[in-house]
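Visitor:
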Amino acid sequence: MGPIQEKSSAAASIRLLISEGMPELPDVELYLSALERRIVGRRLERVRLFSPFVLRSFDPPLGAVSGETVAGVRRLGKRIVLELGSDLFLVIHLMIAGRFQWFEPPPKPETKPGGKIALAAFDFEHATLAFTEASKKKRASLYVVRGEAALRDHDPGGLDPLSIDLAAFSAALTRENHTVKRTLTDPRVFSGIGNAYSDEILHRAKLSPLKWTTRLEPDELERLHAATGSVLREWVERLRAETGDAFPGKVTAFRPEMAVHGKYRKPCPVCGAPVQRIVYAENEANYCARCQTGGKVLADRSLSQLLKDDWPRTLEDWESRRGAPQPAPETSSSGTGPRAPARARRPRPS
Ligand SMILES: [Zn+2]
């Protein structure tokens, strides 16, 4: 791939992220409560596939879930899990553009609920749940899994940021030395935090997204822990109140009430200074220089490189990461500048 092509596909990815954003913990919780009320105790007649690539498992076969009753729904990182009878689970990862639509009563069997962007339809006895993806890049996925042990293989292992105490939070955050922006969104460290809510959390904690985790002072860890819990809880409550009993229709990581995420050049709601941005890999981080970086607008280019170097190459790599993080490398006690983590270096694309 030539540099121009590469640049334009990166720009397209960034536009995609800006237009949608990946559903994170508050969005997934919203879907879970809507689904719980509608499908638990109901029989799943069958799953229809419209885009065969969405199904990433072959054993057990998809047909095994036909006729099973939904025992519960749960969240596994950013994934949504439907628990069925016969020890079966459907694991759904929406990635960026995956969404659900609800049809009750079910549409006629010959129709394709969700239309052109439909990936699959879950036909229940009383309604149909459409699984859609409004993107040319097909990233959303569906797995059929049998047994809790097999389900654990889909768990990235991140801790629940809503219930974690300060000690466990600090230990998890400082186990590896990375930028705090990266560690907050690492699915192996914390469950369900992505680009949008990490921006909001860091803004509330008044911390630079580029602060190295092993250099966080105790008071900064305390602020970050408090901000993580309060931002996520507030958003879960806000989205629930907004949606009420309706099926969630507007699932996006860009919301007008956000302080900095998606607010480049807009005034920070705390201090009025224009919100800044750092574009890197497939992401954009937003922050307020006055509130978070001591008034310093960090040079976009070098920052982008720094964040890029501290990031896996693709979103797929990131979202499929599993297992506990490695212990933090020894940090040097001298010097005050940021220290590039040894593990984060990788060859640049040629
Ligand atoms: Zn500010």
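Just so you know, our numbering puts 145 at position 151 of the sequence shown, and the rest follows in order with no gaps.
All C-beta atoms in this analysis are idealised placements derived from N, C-alpha and C, irrespective of residue type, glycine included.
1. What is the residue span of the beta strand (DSSP E) that D117 lies within?
2. Taking buried to mean at least 16 other C-beta atoms within 10 Å of its own C-beta, is E236 buried or exposed?
3. Any residue with its Cβ nearer than 6 Å to a heavy atom of ligand 1 should be included. What is that list in chain order?
4. Note down, in chain order, each residue of its chain lying with its Cβ closer than 8 Å to the Cβ of L56, except the 5 sequence neighbours on either side.
5. At which residue ranges does the stretch 40 to 107 contain complete beta strand (DSSP E) runs of 3 or more residues, listed in the order of the chain?
6. So, do the stretch 251 to 259 and the stretch 169 to 179 have three or more beta carbon pairs nearer to each other than 8 Å?
7. Assuming R36 contacts E119 (C-beta within less than 8 Å), just tell me the rounded distance between them.
8. Taking F184 and A165 to be in contact with their CB atoms under 8 Å, please state how far apart those CB atoms are, rounded to whole angstroms.
9. Quick check on the DSSP output: what are the complete alpha helix (DSSP H) runs of length 4 or more inside the stretch 211 to 287, in order along the chain?
10. Please confirm whether A199 and A247 have their CB atoms less than 8 Å apart.
11. Please report the straight-line C-alpha distance between A161 and L145, rounded to a whole angstrom.
12. Once DSSP output is grouped into helix, strand and coil, what is the label at S135?
13. Buried or exposed for A143, please, with buried defined as at least 16 other CB atoms from any protein chain shown within 10 angstroms of its CB.
14. Any idea what DSSP makes of L204, helix, strand or coil?
15. Would you be able to state if there are at least three C-beta pairs under 8 Å between the stretch 103 to 121 and the stretch 13 to 22?
16. For T63, which residues in the same chain have their Cβ closer than 6 Å to its Cβ, ignoring the five residues on either side in sequence?
17. Taking 8 Å as the threshold (C-beta atoms), are H87 and R68 in contact?
18. Do you know how far the Cα of A28 is from the Cα of P54?
19. Which of the three DSSP states is assigned to R36 in this structure?
20. Just grab the DSSP bridge partners of E23 for me.
21. Provide the residue span of the beta strand (DSSP E) that contains T126, from first to last.
Guide: The short version:
1. Sequence index remark: in the sequence shown, residue 117 carries index 123 (1-based). Run containing D117: 112 to 118, per the beta strand (DSSP E) assignment.
2. Your numbering for residue 236 matches position 242 in the sequence shown. Exposed.
3. C262, V264, C265, A267, C282, R284, C285
4. Sequence index remark: in the sequence shown, residue 56 carries index 62 (1-based). Closer than 8 Å at the Cβ level, and outside the excluded window around L56, lie V41, L43, L49, V138.
5. 64 to 70, 73 to 78, 82 to 87, 92 to 97
6. no
7. Working through the sequence shown from its first residue, we reach residue 36 at position 42. Working through the sequence shown from its first residue, we reach residue 119 at position 125. So it is a contact: roughly 6 Å between Cβ atoms.
8. Along the sequence shown, read from residue 1 onward, the residue named residue 184 stands at position 190. Along the sequence shown, read from residue 1 onward, the residue named residue 165 stands at position 171. Rounded, the Cβ-Cβ distance is 12 Å, inconsistent with contact.
9. 212 to 237, 283 to 286
10. As a working mapping, residue 199 is identified with position 205 in the sequence shown. As a working mapping, residue 247 is identified with position 253 in the sequence shown. Cβ distance not < 8 Å, so A199 and A247 don't count as in contact.
11. As a position in the sequence shown, residue 161 is number 167, starting the count at 1. As a position in the sequence shown, residue 145 is number 151, starting the count at 1. Approximately 28 Å between the Cα atoms of the pair.
12. The residue you call residue 135 lines up with position 141 of the sequence shown. Correct three-state label for S135: strand.
13. Position 149 of the sequence shown, counted from the start, is the residue given in the question as residue 143. Per the 10 Å Cβ criterion, exposed.
14. The residue labelled residue 204 in the question sits at position 210 within the sequence shown. L204: coil per DSSP, three-state reduction.
15. no
16. Here residue 63 corresponds to residue number 69 of the sequence shown, with the count starting at 1. Same-chain partners within the cutoff: R37, G79.
17. For the purposes of this step, residue 68 is taken as residue 74 along the sequence shown, with counting starting at 1. For the purposes of this step, residue 87 is taken as residue 93 along the sequence shown, with counting starting at 1. Not closer than 8 Å, so no.
18. By 1-based counting over the sequence shown, the position of residue 54 is 60. By 1-based counting over the sequence shown, the position of residue 28 is 34. So the two alpha carbons sit approximately 27 Å from each other.
19. On the sequence shown, position 42 is the one that residue 36 refers to. Coil, per DSSP.
20. Stepping through the sequence shown from its first residue, residue 23 is reached at position 29. Answer by DSSP bridge pairing: none, since E23 is not bridged.
21. Here the question's residue 126 lines up with position 132 in the sequence shown. It spans 122 to 127 - the beta strand (DSSP E) in which T126 sits, taken as one unbroken run.
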